[in-house]
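>
What follows is the structure, encoded as structure tokens:
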């Protein structure tokens, strides 16, 4: 799960990484109050999960109340690459002397945490890697000992930062590593990391990704999720039921068992010209309840025209899936067609249950997907 | 530094290891109040740093106020192997079903932490090792991963404790390891670890040793030291000045630079028939202040008759030592003779300073020690 | 004979007394797998489907020879269970458990490599040599003996494609579900190297997914000539790049930056001469052509 | 030639800008030691007694060949400094710093062994090859070249006995102050093995102390015949068993249980045929007799 900038900064602050004074506003009034409290000039930044706000012209400055009101109003009615802006971060503007970059991330393939530092901050690190690779220092962190200040010093020396100047950055390396390794983070990026005219080193942005699976030992993940609203909440509620849901933008509801099979189903929908409305994996060994909840979630999506349910019974038993479908049909007001593909463990029993209720289930997934796409386009 | 039983139990409690309700009493009245609060029957245990209180007949029980008063009175006026009893621990008596043993300690030579568990508690582990070795399970702990519950389970299985019964002990292993490894302990021993008739597993004794060098990161060490009084406090104050002092029982004050040389001096004093009153190492690179403080500490010892100061200048400079001696002679009311042996770095300068003040310094340490012993026996 | 396991491999089930552990112990026994012991700390002395249960692997090993382990314990306890298997140098260790935090897997895999032990998984269906042995949770009847090996990052998609293989007379020498987590034990490239050495395997199917760089690294091996057997690939999630940064069920489907996009995988395979099936059924066509 | 070091060994001083570090850099330079660089994080660019200072060893190594390190930083920062030297695989690493917690030393020594690097110390006077090189803080004029090696757990007692040796025409091939802490890098047995191989060493003096089992382990090696050169021992703290459980300056003098008592050490040496001097001067007599 990616965190909003302000959430990431909360974590940074907890680990002793300096951030500018700030506050989150859901309305222009709130933004104004925050600005008055922290004092002008301020930066106003929309809180969205996608990046590249700067390129979208969505980072604004304000020197006084009027500028603040205008900009906050505009930002709070924006839609950036499909993501509606619901809140902005109002933050004290810092006097930038230079912008740096630092990140910790997990190299999944090498199975090692990695740290990157660059003297070229404020732009995308990929671009620096392309145009000025000597400005980047990169190191794997030995798992047994973690980040140590001498590794930080070596990296700083490698990009030409030395002496007392270098020492200023070391606490950032150490504290960001602590946040990263103790918080089950997969990415902790500060871009830009700013050295101010006054000589302080401050995190001006925060891009943080946390491992959802660590929720059982990172209690704050749940708190953050609960604080969030909107689109995520349907996905969040689904997860509570053991269902993995990602909302997409199309009109064909996709339900599958297993991530791979569900992804393959999404792919096939696109392959045959349809538009998937979601990715929904009921997980392994689902019973009737989870199937019921899955259908219930999907019919809440706005543009939904048809549902394709693709089940290959392994641990999951087809008869239990069929029972869940019948329950959904009887209890939910299902106004759209449901195309079912059912095969694998207890297939016979499952089909029998569905047939009694007058539902025909496909064996072949291609046929089923084709049918669903056809129905989404108004076919019969 | 060894901890008193009640100090060790404080640490245990912090790490979630169950201990009986208890309190520390410095007087009979305090003991009575504690007993009334926790309820009879209680155990009364003198708090001393040496072991074998049981063998000394110093562990007492009380069923009522009268028994408590009698026993507390007696214990609080006891002297166990030279250690005066200043406080007792009054503790709720538990219903023992069985006594076990567990300890974590540091194997200095193998440079690994080790854990030992035995089904035979309440007696010395060395005795169990001799008479019933199969009742002891022993394992090195891999430093990278620490104590894990499966290692605990394996050890329990090895001494015949299985199933649900075994699970009861696992938190003790895990929590005692945490206390041991996070607290810079060198020994954390529970003997006996008691299974009560009610089925609980409780630490009834605590023998804990902490690494004094870790004081900079274990703030509680200082707190404990400050809480302690009496004989230790002279040693404690000395340590504050960078001086390592251990009070012994004789009448010849020994001051040296370096632990080895100081120990060798103590040895020589004994070798020639004298009785050392202390071991005092002024440490490496000592200046006049530390020499002054050393002499000041020693003359506070009760039976002191003579001081032998043995200095081999390396990092330590003889001239600075000589200055410290002069300062002591002028500012302290030194009623006893001071025998000085001085050689090494800046020896000439040091001797010159002392000679001006009419003090003759030896070059040979044997001669100097012999002289000190002679003086302690009333010789001239 | 066999990759990693064979019909004589003796297996312990960790978490055997749980619902999943018990259920699949039964299915594995029915398939012919030699499950010699189960372990659940605190349940030593029980029996599950006739299999004796112990508190610890070490205690079980006092009574039985044990080669391999399969782990069903909940994510919260998986670290301890897997570490126990690693310490006792069981090999392979199949971790079925899903939802293990990545930092935990990282530590497990690091320790396993130090000790020369193979971990399969976590969050995987396990490994099966059709007709011989199954250390996993896949529906046994879907597979047939043969000489096509399958390496897969997906669960149900593996069954889907294996069923297509079986229905089309393409039996399997071994099917390894390496699991969907981004950090895992055995990876596609490592599995490929094992299969290259396996005399029973003639052709190989790779079922990949978006995210990660395993497919790209595998393509590299093939391009280098380190893998000489014919390989066919399928990549799930070709159209899943719509929203980056959202977990697609498997954390493995996380797209971090530019890496792991399906186009990158497809390009790499194509450059290595590996055909990538657009539809699952095309896997059969490509195999028959190769 | 030489044990662990020789006259060409190039040394970095970690903590060179501190009082002790700077003072001893001067003395080592005067003794002829090739101090090529100093390191103090944050002080890169300075000079100390003509030695250039860097922020990190890595940065220093860009400009200089460096073989070994001597560490003077305060205990609180010693972990980081030593780890830096270990990672850069300097060898040996002499840790002068006293007061390092045992758990910290444990981690350092474990990592050093993994990387095949020797640590001398901590809390030690260092190592000297008289007339050639000194990586340490011992008073240089106390030592004379010769063929008696000294291994010592003590500081000043080493000088005391080395002076006796020098005054009695028994020069030293090498003097290693391994330090007084209970957990340390190089131990007496390990040092003995190195000296057995050293052609310049004909006889060996061990200066032991109460506590620990190094002396007993050393006696075992000698008894086994692994060490064939004549050995003489002195044990400090013979009368220090009065109160157990009290630190005698060196934590090394802690007596844990029955282990490490002086009688045990003396008995072990005697059984191995090693004479144990009662008075320091007796070391000379025994050496001359051997």
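Protein chains in written order, with this note's numbering: chain A, 1 to 380; chain B, 381 to 760; chain C, 761 to 1050; chain D, 1051 to 1340.
All C-beta atoms, glycine included, are put in the ideal place defined by N, C-alpha and C.
Please determine, among A:50, A:185, A:158, A:163, the residue with the shortest C-alpha to C-alpha distance to residue 112 of chain A.
Numbered from its first residue, the first chain carries residue 112 of chain A at position 112. Considering only alpha carbons, the answer is A:185.
> Would residue 1037 of chain C be called buried (16 or more neighbouring beta carbons within 10 Å of its own) or exposed?
The count along the third chain starts at 1 and reaches residue 1037 of chain C at position 277. So residue 1037 of chain C ends up on the buried side.
> Any C-beta of chain B sitting closer than 8 Å to the C-beta of residue 819 of chain C?
Within the third chain, residue 819 of chain C is the residue found at index 59, counting from 1. Output row for residue 819 of chain C: interface = yes.
> Any C-beta of chain B within less than 7 Å: which residues of the segment 838-865 of chain C qualify?
Answer set for the segment 838-865 of chain C: 840, 843, 844.
> In chain B, what lies closer than 8 Å to residue 1233 of chain D by C-beta?
Looking up residue 1233 of chain D in the fourth chain gives position 183. In chain order: 486, 488, 491.
> Mind checking residue 1093 of chain D: buried by the 16 CB within 10 Å criterion, or exposed?
Looking up residue 1093 of chain D in the fourth chain gives position 43. Flag for residue 1093 of chain D reads buried.
> What does the alpha-carbon distance come out to for the pair residue 1288 of chain D and residue 488 of chain B?
Here residue 1288 of chain D refers to the residue found at position 238 when the fourth chain is read from its first residue. Here residue 488 of chain B refers to the residue found at position 108 when the second chain is read from its first residue. Cα-Cα distance, rounded: 20 Å.
> Looking at the structure shown, is residue 496 of chain B part of a helix, part of a strand, or coil, going by DSSP?
Residue numbering aside, residue 496 of chain B sits at position 116 when the second chain is read from its first letter. Reduced to three states, the DSSP call for residue 496 of chain B is strand.
> Any idea what DSSP makes of residue 921 of chain C, helix, strand or coil?
Working through the third chain from its first residue, we reach residue 921 of chain C at position 161. In the structure shown, residue 921 of chain C sits in a helix (DSSP, three-state: H, G or I).
> Which residues, in order along the segment 521-547 of chain B, keep a beta-carbon less than 7 Å from a beta-carbon of chain C?
From the segment 521-547 of chain B, only 525, 528, 529, 530, 533, 534, 537, 542, 543, 544, 546, 547 have a Cβ closer than 7 Å to chain C.
> Could you confirm whether any beta carbon from chain C is found closer than 8 Å to the beta carbon of residue 10 of chain A?
Within the first chain, residue 10 of chain A is the residue found at index 10, counting from 1. Not an interface residue.
> Entirely within the segment 709-759 of chain B and at least 3 residues each: give me those beta strand (DSSP E) ranges in chain order.
You should have 718-724.
> Short of 7 Å in beta carbon distance, which residues of its chain neighbour residue 337 of chain A, apart from the five on each side in sequence? Order them along the chain.
Along the first chain, read from residue 1 onward, the residue named residue 337 of chain A stands at position 337. Cβ neighbours of residue 337 of chain A beyond the five flanking positions: 306, 375.
> Using a Cβ-Cβ cut-off of 6 Å (strictly less than) and excluding sequence neighbours within five positions of residue 1125 of chain D, which residues of its own chain qualify?
Here residue 1125 of chain D refers to the residue found at position 75 when the fourth chain is read from its first residue. Here the set comprises 1147, 1149, 1150.
> In its own chain, which residues sit with a C-beta less than 8 Å from the C-beta of residue 1210 of chain D, not counting the 5 before and 5 after it?
For the purposes of this step, residue 1210 of chain D is taken as the residue at position 160 of the fourth chain. Correct list, in chain order: 1330.
> If we ignore side chains and look at the alpha-carbon of each, how far apart do residue 639 of chain B and residue 1205 of chain D end up?
Here residue 639 of chain B refers to the residue found at position 259 of the second chain. Here residue 1205 of chain D refers to the residue found at position 155 of the fourth chain. Answer to the nearest angstrom: the Cα atoms are 8 Å apart.
> If we define contact as Cβ-Cβ less than 8 Å, is residue 1277 of chain D a contact residue for chain B?
Translated into positions along the fourth chain, residue 1277 of chain D becomes position 227. Chain B, which has no Cβ nearer than 8 Å to the Cβ of residue 1277 of chain D, makes this no.
> Can you tell me which residues form a DSSP beta bridge with residue 1133 of chain D?
Numbered from its first residue, the fourth chain carries residue 1133 of chain D at position 83. DSSP output for residue 1133 of chain D lists no bridge partner at all.
> For residue 961 of chain C, which residues from the same chain have a beta carbon less than 8 Å from its beta carbon, with the 5 sequence-adjacent residues on both sides left out?
Taking the first residue of the third chain as 1, we reach residue 961 of chain C at position 201. Correct list, in chain order: 763, 907, 908, 909, 933, 934, 955, 989.
> May I ask you to report which of helix, strand or coil DSSP gives residue 195 of chain A?
In the first chain, residue 195 of chain A corresponds to position 195, counting from 1. Looking at residue 195 of chain A - three-state DSSP - the assignment turns out to be strand.
> For chain A, check one thing: does any of its Cβ atoms lie closer than 8 Å to the Cβ of residue 785 of chain C?
In the third chain, counting from the first residue as 1, residue 785 of chain C sits at position 25. Answer no: the Cβ-Cβ gap between residue 785 of chain C and chain A never drops below 8 Å.
> Where residue 114 of chain A and residue 16 of chain A are concerned, what is the direct C-alpha to C-alpha distance, given to the nearest angstrom?
Here residue 114 of chain A refers to the residue found at position 114 when the first chain is read from its first residue. Here residue 16 of chain A refers to the residue found at position 16 when the first chain is read from its first residue. When rounded, the distance between both Cα atoms is 21 Å.
> Which two residues bound the contiguous beta strand (DSSP E) that contains residue 636 of chain B?
As a working note, residue 636 of chain B is residue 256 in the second chain. Unbroken beta strand (DSSP E) run through residue 636 of chain B: 632-636.
> Any residues in the segment 707-721 of chain B with a beta carbon nearer than 9 Å to a beta carbon of chain D? Which ones, in chain order?
Against chain D - using a Cβ distance shorter than 9 Å - the segment 707-721 of chain B contributes no residues.
> Assuming residue 1083 of chain D and residue 1098 of chain D make a contact with CB atoms under 8 Å, what is their CB distance in whole Å?
Reading the fourth chain from its first residue, position 33 is the one you call residue 1083 of chain D. Reading the fourth chain from its first residue, position 48 is the one you call residue 1098 of chain D. Incorrect: roughly 14 Å between the Cβ atoms, too far for contact.
> How would you list, in chain order, the residues of chain G whose beta-carbon sits under 7 Å from the beta-carbon of residue 692 of chain B?
The chain inventory of the structure shown lacks chain G, comprising the protein chains A, B, C and D.
> Helix, strand or coil, according to DSSP, for residue 479 of chain B in the structure here?
Your numbering for residue 479 of chain B matches position 99 in the second chain. Three-state DSSP puts residue 479 of chain B in a strand.
> In terms of residue numbering, what span does the beta strand (DSSP E) encompassing residue 149 of chain A cover?
Translated into positions along the first chain, residue 149 of chain A becomes position 149. Per DSSP, residue 149 of chain A belongs to no beta strand (DSSP E); it is in the alpha helix (DSSP H), 149-158.
> Mind listing which residues of the segment 770-794 of chain C have their C-beta closer than 9 Å to chain B's C-betas, in chain order?
Residues: none.
> Kindly confirm or deny that the segment 361-377 of chain A and the segment 937-949 of chain C touch, where touching means at least three C-beta pairs closer than 8 Å.
The segment 361-377 of chain A vs the segment 937-949 of chain C: no contact.
> Mind checking whether residue 581 of chain B and residue 388 of chain B have CB atoms under 8 Å apart?
Working through the second chain from its first residue, we reach residue 581 of chain B at position 201. Working through the second chain from its first residue, we reach residue 388 of chain B at position 8. Not a contact, by the Cβ cut-off of 8 Å.
> In or out: residue 1219 of chain D buried (at least 16 other Cβ within 10 Å) or exposed?
In the fourth chain, the residue the question calls residue 1219 of chain D occupies position 169. So residue 1219 of chain D counts as exposed.
> Could you say if the segment 134-144 of chain A and the segment 1115-1123 of chain D meet the contact criterion of at least three C-beta pairs nearer than 8 Å?
Because the criterion of three Cβ pairs below 8 Å is not met, the segment 134-144 of chain A and the segment 1115-1123 of chain D do not touch.
> How big is the Cα-Cα spacing for residue 1300 of chain D and residue 1230 of chain D?
Against the fourth chain, residue 1300 of chain D aligns to sequence position 250. Against the fourth chain, residue 1230 of chain D aligns to sequence position 180. Note that residue 1300 of chain D has pLDDT 37, beneath the 50 cutoff, so the model's placement of it is unreliable and no number is given.
> Measure the C-alpha to C-alpha separation of residue 726 of chain C and residue 778 of chain C and round it to an integer number of angstroms.
Since the displayed chain C opens at 761 and closes at 1050, residue 726 of chain C lies outside it and no answer follows.
> Indicate whether residue 505 of chain B and residue 413 of chain B have their beta-carbon atoms separated by less than 8 Å.
Counting from one through the second chain, the residue named residue 505 of chain B turns up at place 125. Counting from one through the second chain, the residue named residue 413 of chain B turns up at place 33. For residue 505 of chain B and residue 413 of chain B, no; Cβs fall outside 8 Å.
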